Amino acid sequence: MLAAYAVQVEHSRGRRFPEPPHPYRNDFQRDRDRVIHARAFRRLEDKTQVFTRRYSDHFRNRLTHTIEVAQITRTVAGALGLNVDLAEALALAHDLGHPPFGHAGEKALDAAMRAHGLFFDHNLHALRIVEDFEQRYAAFRGLNLTFEVREGIIKHSRDYEAAQHPELAEYLLDQRPPLEAQLIDLTDEIGYNTADLDDGYEAPLLTLEQIRAGIPVFERFFREVEHVYPDTTDKLKFNEALKGVFNRLAGDLITNTQTRLKQAGIRTLADVRTHKERLAALSPAVEAERQQIKNFLYDNLYYSPSLAGEKDDAERIVTDLFAFWMNSPSALPRYYQEKAEQESLPRVVCDYIAGMTDHFIIEQYEKHCGKGLA
Ligand code: MG
48 MLAAYAVQVE HSRGRRFPEP PHPYRNDFQR DRDRVIHARA FRRLEDKTQV
98 FTRRYSDHFR NRLTHTIEVA QITRTVAGAL GLNVDLAEAL ALAHDLGHPP
148 FGHAGEKALD AAMRAHGLFF DHNLHALRIV EDFEQRYAAF RGLNLTFEVR
198 EGIIKHSRDY EAAQHPELAE YLLDQRPPLE AQLIDLTDEI GYNTADLDDG
248 YEAPLLTLEQ IRAGIPVFER FFREVEHVYP DTTDKLKFNE ALKGVFNRLA
298 GDLITNTQTR LKQAGIRTLA DVRTHKERLA ALSPAVEAER QQIKNFLYDN
348 LYYSPSLAGE KDDAERIVTD LFAFWMNSPS ALPRYYQEKA EQESLPRVVC
398 DYIAGMTDHF IIEQYEKHCG KGLA
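This is how it looks when you write it as structure tokens:
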């Protein structure tokens, strides 16, 4: 049973190109499946989340991260009586627009665009992927997703000003997105905060002592675990404590969002959309713990000297290749050369690079910039 504030698939604003109903899947289930069958989804397998493959095949990449976010999202959405199919489709699509090499790649691509008075934004890029670049169906370009999935792709993690983005006018920029979309930013964080601690400890770039001293909520769970399993290994104690943190974050997201919905007197989807702020949120105490974990990861992992070399490589590869295609557009694949007749060259080069996997962009770098990696 869906809550009255959930998105009901029967009330979807529909697709750009109307399609006959499917005999046994509703429109959001079809959208979820279209995302999974997209080329951009498969490419997530070879895109860095935090660690490149040089570290370990056990670590998260953007695909396994996405699957973890989808799993958390289904649980939270189900507990809140939301539309699980829509929430799952949005979770699976949430990182489609990320360029190769994680945050370092994104920063370099954005910097290259800013030199031309433009910018790179992964949500806007994800929308371009599902609207334009995916070519799978004979009847239309893109995946022809429902309005609610496209809206959620744009609005799940931030608000866009209508004045600055006239091209997004159809996405109700003056309204909040449905709760199914609001959840994604938080389930994404719950997913990567805990996963990055896990991979960071395993690397090993983070020590148990460091994590216990730097993250009080982890320390509380760790002490409980030591009491219950005094004889087990550190790694299993770590796992149990991390599970405690994970459940605390996800559980609080559910209960605190329920509380906020009640306090705000939210009854319908229209109430969610017109409320002055987003309603999916952690409670202040747990929000502070989330921020502590995030700060810890920034201070001790993301800017770790051990990862600095990979980041420098990423930046150099993206920057040099961008400059190469700007100077030699005839070296672009024909599809992108044709695109450059309708759109600015920097945008086309950016689109090409943004779609690449880590492996493919390194290959391109070696081919066009004539340099191997150290
Ligand atoms: Mg993510």
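In terms of my numbering, the sequence shown opens at residue 48 and continues consecutively. Every residue gets a Cβ at the ideal spot worked out from N, C-alpha and C, and that includes glycine. None of these values were measured; they are calculated from a predicted model.
With fewer than 16 other Cβ atoms inside 10 Å of its own Cβ, THR280 counts as exposed. Residues whose Cβ lies closer than 5 Å to any heavy atom of the ligand MG, listed in chain order: ASP142 and ASP235.
As the crow flies, the alpha-carbon of ALA51 is around 37 Å from that of GLU92. Residue burial is scored here from C-beta neighbours: HIS84 has fewer than 16 other C-beta atoms within 10 angstroms and is therefore classed as exposed. For GLY152, the enclosing alpha helix (DSSP H) has its first and last residue at 149 to 161. In the displayed model, THR315 falls within coil according to three-state DSSP, outside both helix and strand. Proximity to LEU230 across GLY312, THR120 and GLN389 peaks at THR120, based on C-alpha coordinates.
One alpha carbon belongs to ASP278, the other to ALA297, and they sit about 28 Å apart. With contacts defined by Cβ atoms closer than 8 Å, GLY189 and PRO224 do not form a contacting pair. Membership of GLY189 in any alpha helix (DSSP H) is not indicated, and neither H nor E is assigned to it by DSSP.
Cβ neighbours of GLN411 within its own chain (closer than 8 Å, five residues either side excluded): LEU368 and MET403. GLU227: member of the alpha helix (DSSP H) spanning 226 to 249, first to last residue. Taking the Cα positions, TYR383 is about 8 Å away from VAL396. Shown here for LYS386: same chain residues with a beta carbon closer than 8 Å to its own, the five before and five after excluded, namely VAL395 and ASP398 in chain order.
Between ARG60 and GLU195, the CB-CB gap stays under 8 Å. LEU127 has its alpha-carbon roughly 31 Å from the corresponding atom of ARG270.
Between THR366 and ALA155, the beta carbon gap of about 5 Å places them in contact (Cβ cut-off 8 Å).
Exclusion of the five residues before and after HIS163 leaves SER391 and PRO393 as the residues of its chain whose Cβ lies within less than 8 Å of its Cβ.
Residue pairing by DSSP leaves THR321 without any beta bridge partner. Judged by DSSP secondary structure, CYS397 falls within the alpha helix (DSSP H) whose first and last residues are 392 to 402.
The C-beta of GLY247 has 16 or more other C-beta atoms within 10 Å across all chains shown, which makes the residue buried.
Put simply, the backbone Cα of PHE285 is about 34 Å away from that of ASN130.
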